[in-house]
Structures are given as C-alpha cells and as structure tokens.
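Numbering (this note's numbering), first residue to last: 227 to 491.
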Amino acid sequence: MNHTVLITGASSGIGYELAKLFAQDHYRLILVARNRQRLEQIREELLHWTQDIAVIEKDLSRAGAAEEVYREVRAQEREVQVLVNNAGFGLTGHFAELPIASQLQMIQLNIAALTELTHLFAQDMIAGRYGRILNVGSVASFVATPSMSVYAATKAYVLSFSESLGSELRRRGDITVTALCPGPTKTNFAKAAQMGELETWFNKVSMSPEAVARAGYNGLKARKAVVIPGGSNGLMTFGLRFIPRRWVQRAAGNILTTPDQSKPK
227 MNHTVLITGA
237 SSGIGYELAK
247 LFAQDHYRLI
257 LVARNRQRLE
267 QIREELLHWT
277 QDIAVIEKDL
287 SRAGAAEEVY
297 REVRAQEREV
307 QVLVNNAGFG
317 LTGHFAELPI
327 ASQLQMIQLN
337 IAALTELTHL
347 FAQDMIAGRY
357 GRILNVGSVA
367 SFVATPSMSV
377 YAATKAYVLS
387 FSESLGSELR
397 RRGDITVTAL
407 CPGPTKTNFA
417 KAAQMGELET
427 WFNKVSMSPE
437 AVARAGYNGL
447 KARKAVVIPG
457 GSNGLMTFGL
467 RFIPRRWVQR
477 AAGNILTTPD
487 QSKPK
C-alpha cells in the first residue's frame with residue numbers, strides 16, 4: 227500500500243489504535259499529537275509493520291497550528307491520501323460556570339482545526355481525484371446534551387459537516403468522507419472532561435478503543451458515510467428519531483449531572 231495517512235490525536239486512544247491498523251496494512255504514516263516523546267515511542271513500535279513514519283508535534287487547539295501541519299507535510303514533499311481528524315476533547319459542567327477560554331479552545335480543536343485540515347488536504351485530494359477522510363464525532367452528534375453543551379454542539383458540527391462534504395467531494399473523484407460516531411470509549415476522555423463521579427459510570431459502559439478504531443477503519447474502507455460502533459449505540463441513535471427531543475435532552479442531562487452540579491452556585 228503506497229498511500230499516506232495523516233492521523234491527529236495519534237498518541238493515545240482511538241487515534242493510536244487507528245495508527246496501528248493503518249500500519250499493519252503498510253500505509254505510510256504521519257502522526258500528529260502534542261507529546262513528541264510518546265509519538266517517538268509509537269513510531270518505534272509501528273516500524274515493525276511500516277518503515278515510513280513521520281511524527282509532527284503540534285497542539286491543534288492553538289490557532290494557526292493546522293496550517294503549520296500542512297506546511298510541514300508539504301515541506302517534506304509528502305502527499306496525504308487519507309486524513310483522520312481524531313484530535314478532540316470535551317468538558318463536563320454547566321456552560322455558564324465553565325471557563326470560557328477552555329470552551330473556546332474546545333471549539334478551536336474540535337471544529338476549527340478539523341475544518342482547516344480538511345480544507346487544505348481536500349484540495350490535494352481533488353487534484354489527485356482520490357482521497358479518504360475520517361472525522362471522529364460522537365453519539366453526542368445526534369442529541370443536545372446538557373452539561374456537555376459545547377462538546378455536543380462541536381460533535382453535531384462534525385457529523386453535519388462530514389455528511390455534507392461527502393456529498394460534495396464524491397462528485398470530484400474517488401473521494402469519500404466518513405463520520406465515526408462512538409459512544410463512551412475507554413480512553414482518557416472522561417478524566418480530561420472532568421467528569422468526576424461520573425467517570426466510574428462512563429468507564430463501565432465504555433467500548434474499547436480497539437473496537438471503536440476497527441469499526442471506523444472498516445467503515446472507511448467500505449466507504450460508509452456514518453459509522454456508529456456498538457449495537458446499543460446504533461439502536462439508541464436510531465430510536466432518537468422517534469422520541470421527543472426535550473425528553474432525550476432531559477434524560478441526557480440527568481445522566482451527566484452529578485448532585486453537586488445540580489445545585490445552584
């Protein structure tokens with residue numbers, strides 16, 4: 227396989243597991259994350275399967291970082307045929323009480339960086355009339371989620387953007403866009419999202435990152451527009467269309483609100 231894949235958020239979780247799958251199929255890899263030491267460790271591990279692995283240390287929550295990644299790739303005279311926008315994070319809590327700077331940083335990473343990277347590399351894919359894009363959303367893409375208001379909104383964007391863009395790009399060549407929308411996954415997401423007491427529940431109902439990555443990888447290969455790993459997650463998202471939205475929002479809010487969060491401050 228001579229294609230090159232660029233994976234953001236490649237140092238852990240779903241991104242790391244996707245990197246292993248692509249490496250096992252002998253793709254050339256470009257791995258992007260904030261932790262260079264961890265990236266170098268992964269590079270050494272994956273050299274067992276593929277010899278062409280580049281790493282880029284970059285914090286994509288910083289404005290301008292996405293374009294810097296693209297410029298570094300082009301400076302190395304590499305062409306990316308497969309783009310995996312996996313980097314992202316969430317926060318749990320009442321919108322008005324969470325630091326606005328952190329929420330804007332989330333929007334920068336989950337939406338702006340994803341959009342900019344897609345725009346930059348999609349132009350090259352159009353020129354070559356071939357490309358695959360995998361954008362990582364969430365089951366939260368399908369429902370407004372109190373106590374994760376901004377996170378759910380960013381993931382709704384990822385799903386809508388991916389489906390719309392896929393319709394556009396398939397007219398420009400053999401180019402597909404897949405939205406991977408997992409439910410709770412055993413990564414460091416819950417800790418980073420500051421879930422507190424909810425972290426135990428989250429981990430109990432979570433899928434493994436290996437299973438989620440495999441579902442996304444297979445879905446990308448099968449040219450699927452949307453992939454929802456796990457039968458229960460698929461059933462839930464299907465059932466949402468038949469339930470009044472306010473009921474769903476109330477249920478989601480009850481699950482994600484701890485007793486302390488429910489009290490006015």
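Ideal Cβ placement from N, Cα and C applies to all residues, glycine included.
Selected residue, minimal CA-CA separation from residue i, among the options
i	options	result
Glu283	Ile256, Arg304, Tyr242	Ile256
His274	Arg264, Val258, Ile333, Leu247	Leu247
Ala289	Asn311, Asn312, Gln331, Gly239	Gln331
Gln493	Tyr253, Leu340, Ser434	Any answer about residue 493 is impossible in this case: the structure gives the chain only from 227 up to 491.
Gln329	Tyr356, Pro408, Ser375, Leu340	Ser375
Ser238	Ala439, Pro372, Tyr443	Ala439
Leu232	Asn312, Val369, Gly409	Asn312
Gly399	Thr411, Ser388, Gly409, Arg355	Arg355
Ala259	Ile240, Leu395, Phe368, Asp251	Ile240
Glu436	Pro408, Asp285, Arg358	Pro408
Lys412	Ser434, Gly442, Thr230	Ser434
Leu406	Gly445, Thr380, Pro372	Gly445
Lys410	Ile454, Arg358, Gly357	Strictly speaking, residue 410 in this sequence is Pro, with Lys absent from that position. The shortest C-alpha separation from Pro410 is found at Ile454.
Where residue i falls, given that 16 or more other Cβ within 10 Å makes a residue buried
i	result
Tyr262	A quick correction: the sequence has Arg, not Tyr, at residue 262. Answer is exposed; the Cβ neighbour count stays below 16.
Ala245	buried
Ala448	exposed
Glu303	exposed
Glu243	buried
Glu342	buried
Asn336	buried
Ile326	exposed
Gln349	exposed
Ala353	exposed
Ala176	In the structure as shown, the chain starts at 227 and stops at 491, and residue 176 therefore has no counterpart that could be examined.
Ser386	exposed
Gly235	buried
Ser432	buried
Asn228	exposed
Arg397	exposed
Gln267	exposed
Ser393	exposed
Tyr300	First, the amino acid is wrong: residue 300 is Arg here, not Tyr. With fewer than 16 Cβ atoms within 10 Å of its Cβ, Arg300 is classed as exposed.
Arg297	exposed
Leu391	buried
Ala378	buried
Ala322	exposed
DSSP bridge partner residues for residue i (one or two, in chain order)
i	result
Asp400	Tyr356
Glu283	Ala259
Val453	Leu406
Val308	Val231, Arg358
Thr411	Met433
Arg254	Thr230
Practice item. Please specify which runs of the alpha helix (DSSP H), each continuous and at least 4 residues long, are wholly inside the region 310-395, giving them in chain order. Key: 326-333, 340-354, 375-395
Check your understanding: Can we say the region 342-353 touches the region 317-328, given the rule of at least three CB pairs closer than 8 Å?
Key -> The region 317-328 and the region 342-353 do not touch, with fewer than three beta-carbon pairs separated by less than 8 Å.
Point to revise | Sufficient close CB pairs (3 or more, under 8 Å) joining the region 363-380 to the region 304-312 | key: no
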